[in-house]
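Undergrad: As they're listed, the protein sequences go chains A, B, C and D. The first sequence begins at 1 in our numbering and counts up one residue at a time. The second sequence begins at 110 in our numbering and counts up one residue at a time. The third sequence begins at 219 in our numbering and counts up one residue at a time. The fourth sequence begins at 360 in our numbering and counts up one residue at a time. Cβ coordinates follow ideal geometry from the N, Cα and C atoms, glycine included. This is the structure I want to talk about, given as structure tokens.
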Amino acid sequence: MKIDITEHNGAKVFSLSGDIDLYSSPALRKELIFFIGEKVPLLLVDFRDVSYIDSSGIATLVEGLRGMMSHGGKMKLFGIPERIVEIFAFSKLDKVFDICGSLDDAVKD
Amino acid sequence: MKIDITEHNGAKVFSLSGDIDLYSSPALRKELIFFIGEKVPLLLVDFRDVSYIDSSGIATLVEGLRGMMSHGGKMKLFGIPERIVEIFAFSKLDKVFDICGSLDDAVKD
Amino acid sequence: MVVKIPSHPKYLCIVREVTAKVGHIHGINEDLVEQLKLAVDEACANVIKYAYGGDARKRIVIRYKVDRGWFEVVIEDSGVKADPEAIMGRRLEEVRPGGLGVHFIKRCFDIFEFDGKKKKGNRLRLVRYLKEKDEDRYNGA
Amino acid sequence: MVVKIPSHPKYLCIVREVTAKVGHIHGINEDLVEQLKLAVDEACANVIKYAYGGDARKRIVIRYKVDRGWFEVVIEDSGVKADPEAIMGRRLEEVRPGGLGVHFIKRCFDIFEFDGKKKKGNRLRLVRYLKEKDEDRYNGA
Ligand SMILES: Nc1ncnc2c1ncn2[C@@H]1O[C@H](COP(=O)(O)OP(=O)(O)O)[C@@H](O)[C@H]1O
Ligand SMILES: Nc1ncnc2c1ncn2[C@@H]1O[C@H](COP(=O)(O)OP(=O)(O)O)[C@@H](O)[C@H]1O
């Protein structure tokens with residue numbers, strides 16, 4: 001997994017690529033915790049290049065979402081490949097996360 | 110490996126995709142032998158979607174080239190990914206095969 | 219097919235690749251291949267986390283047996299014995315980090331069974347009965 | 360890391376994937392990873408062709424050991440003993456089908472050695488000394 005962090009209209013954008021698994025999710029967790037500590041208002045996670053996610057990756061995102069909410073921030077996911085949307089749906093997390101089609105959609109609403 | 114066989118201005122075009130290895134090269138050999146039997150004048154092999162080739166794949170092509178030459182036919186390879194060109198070069202076969210950039214180049218000269 | 223890996227998370231990518239290739243070789247369709255990859259990855263991750271308590275220097279042995287109508291994976295470790303009664307995912311309604319791995323394993327595999335006869339460590343047997351819809355014309359690489 | 364495969368050509372794709380992943384995990388660059396894949400594939404293909412004479416129901420065991428400056432693959436079979444003297448590629452100038460596999464193995468590996476102590480079958484040891492240029496910042500999947 002690689003994490004590319006950029007800014008877009010005051011929001012932080014995490015562009016993830018590759019496999020998010022037990023090996024790589026601690027790196028994602030560390031970055032999320034850092035920006036939660038900074039109390040960023042909006043965190044957008046770009047899933048377009050994510051090839052795989054397992055339960056440890058999802059657990060990390062759930063933890064990230066809670067952290068963001070704890071200071072009134074928002075976290076949105078966008079560009080999730082169909083195969084991975086299915087995993088969120090099965091886990092009943094597609095209603096818990098704010099899932100958007102594109103970066104534009106995520107910024108708009 | 111998949112083989113897609115089409116026609117282009119009277120030439121047969123073999124579009125290969127995937128891995129050409131000890132498992133898949135017999136299928137390629139069979140198709141080559143068939144068209145050599147038909148005495149097709151020009152056989153173009155499209156390598157653009159080939160992800161891997163091993164010595165059995167190369168042996169099959171050498172055999173195909175010989176078969177084509179035996180009835181005065183021509184065989185040309187085009188669109189070979191850089192990584193695979195390197196294997197031909199190491200094997201000193203880049204001068205033995207007629208290697209072209211694109212289908213257009215292969216048809217032109 | 220057998221793979222033996224060190225109990226370090228960085229080797230899980232190998233387990234996924236091998237699982238996928240075994241699936242492709244046996245003509246299993248891409249949807250099920252993705253589920254199998256995830257399920258076997260989760261089972262091995264649980265060995266690392268629970269049987270070995272995070273010790274990355276142990277071994278995990280993964281065996282594949284595929285036959286008509288049958289995809290079996292047997293995962294062996296030499297760690298702390300699991301209590302099968304205690305293994306269960308969280309209720310999906312109760313949103314919190316964790317507790318999903320076992321759900322991913324059980325939605326994919328029809329049998330999830332620890333071999334009680336194994337003396338030291340664990341031998342988890344996972345079996346998927348292949349239905350017609352699980353097969354595919356996909357021919358591997 | 361150990362993989363055990365049936366001696367059927369359709370399993371060679373697994374050997375390639377595992378070889379590549381082991382390379383990635385140890386930070387080996389993509390150019391060398393491609394060479395390692397090809398070399399290990401060729402060595403296993405030769406086991407299928409020569410040690411087992413095409414019998415697809417035997418076993419091949421492939422072991423990987425990677426350390427600082429060192430990529431080792433040991434390939435074992437229970438087939439006909441190879442005569443190391445007789446194993447050599449064709450002269451590259453002499454164009455004909457075949458005779459390239461050993462060249463691909465030897466350009467990649469610095470050591471190509473059959474273990475004379477093995478009683479039945481063969482144990483081929485391949486070692487690549489890793490140079491600085493072989494390493495990479497590539498982080499696997
Ligand atoms: N191999 C195992 N050995 C012992 N306990 C296990 C094993 N696998 C799972 N468990 C138990 O089952 C629970 C649920 O596992 P899982 O769904 O993978 O979620 P998580 O690991 O995120 O808690 C774990 O918290 C653990 O207590
Ligand atoms: N594992 C092996 N056991 C016995 N003989 C072998 C083995 N590997 C290679 N050889 C011998 O070395 C020759 C060259 O091998 P190789 O370069 O792979 O080309 P090819 O297999 O196409 O002939 C083979 O023809 C064979 O006689």
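B/L212 to B/P190, Cα distance in whole Å?
TA: Counting only the Cα atoms, B/P190 lies some 14 Å from B/L212.
Undergrad: Considering only the alpha carbon of each residue, which of C/I223, C/V345, C/D328, C/A238 lies closest to C/A263?
TA: C/I223
Undergrad: With 16 other CB atoms within 10 Å as the buried threshold, where does C/A257 fall?
TA: buried
Undergrad: State the Cα-Cα distance for the pair D/H367 and B/M110, rounded to the nearest angstrom.
TA: 16 Å
Undergrad: Using a Cβ cut-off of 7 Å, pull out every chain C residue sitting near A/I58, in sequence order please.
TA: L318
Undergrad: Using a threshold of 7 Å, is the CB atom of D/G480 nearer than that to any non-hydrogen atom of ligand 2?
TA: Taking the Cβ of D/G480 as the reference point, every heavy atom of ligand 2 lies at 7 Å or farther away.
Undergrad: Please list, in chain order, all residues of the same chain as D/V425 whose beta carbon is under 6 Å from its beta carbon, the five residues on each side excluded.
TA: H385
Undergrad: Determine the chain B residues that contact D/E435 at a beta-carbon separation under 7 Å, and present them in chain order.
TA: Within chain B, no residue comes near D/E435; the closest Cβ sits about 19 Å away, beyond 7 Å.
Undergrad: Taking 8 Å as the threshold (beta carbon to beta carbon), is B/V122 in contact with chain D?
TA: no
Undergrad: Compute the Euclidean distance between the alpha carbons of D/G499 and A/L22, then round it to the nearest angstrom.
TA: Because D/G499 sits at a pLDDT of 44, beneath the cut-off of 50, its placement in the model cannot be relied upon, and the following sentence gives the value as read from the coordinates. Roughly 14 Å separates the two Cα atoms.
Undergrad: Can you give the beta carbon distance from C/F322 to C/V345, rounded, assuming they're within the 8 Å contact cut?
TA: Contact flag wrong, Cβ pair sits at about 16 Å.
Undergrad: Could you give the distance in angstroms between the alpha-carbon of C/T237 and the alpha-carbon of C/I246?
TA: 11 Å
Undergrad: Given that C/I266 touches chain A, what residues does it touch there, using C-beta distances under 9 Å?
TA: L22
Undergrad: Is the beta carbon of D/D442 less than 8 Å from the beta carbon of D/Y411?
TA: no
Undergrad: Go through the residues and name those whose CB comes closer than 5 Å to any heavy atom of ligand 2, in chain order.
TA: This selection yields D/N405, D/Y409, D/A441, D/I446, D/G448, D/G457, D/G458, D/G460, D/V461.
Undergrad: Using a C-beta to C-beta distance shorter than 7 Å, which residues of chain A count as neighbours of C/P224?
TA: The premise fails here: C/P224 is roughly 12 Å from chain A at the closest Cβ pair, so nothing lies under 7 Å.
Undergrad: Since C/V251 is in the alpha helix (DSSP H), which residue starts that stretch and which ends it?
TA: 248–264 is the extent of the alpha helix (DSSP H) around C/V251.
Undergrad: With 8 Å as the C-beta to C-beta threshold (strictly closer), list the residues of the segment 144–158 of chain B near chain D in chain order.
TA: none
Undergrad: By Cβ distance below 6 Å, which residues in the same chain neighbour A/K74 in space, the five residues on each side in sequence not counted?
TA: L42, listed in sequence order.
Undergrad: Tell me, please, whether the CB atom of C/A359 is closer than 8 Å to any CB atom in chain D?
TA: In this predicted model, C/A359 has a pLDDT of only 40, less than 50, meaning its place in the structure is not dependable; the value taken from the coordinates is given anyway. Yes, its Cβ sits closer than 8 Å to a Cβ of chain D.
Undergrad: For a cutoff of 8 Å on Cβ pairs, would you count C/G339 as touching chain D?
TA: no
Undergrad: Please decide whether B/S164 counts as near chain D, where near means a Cβ-Cβ distance under 8 Å.
TA: yes
Undergrad: Taking only beta-carbon atoms, is B/V216 less than 8 Å away from chain D?
TA: no
Undergrad: Taking only heavy atoms of ligand 1 into account, decide whether any of them is closer than 7 Å to the Cβ of D/S437.
TA: no
Undergrad: Kindly indicate the opening and closing residues of the alpha helix (DSSP H) around B/M184.
TA: Careful: B/M184 lies outside any alpha helix (DSSP H), inside the beta strand (DSSP E) at 183–187.
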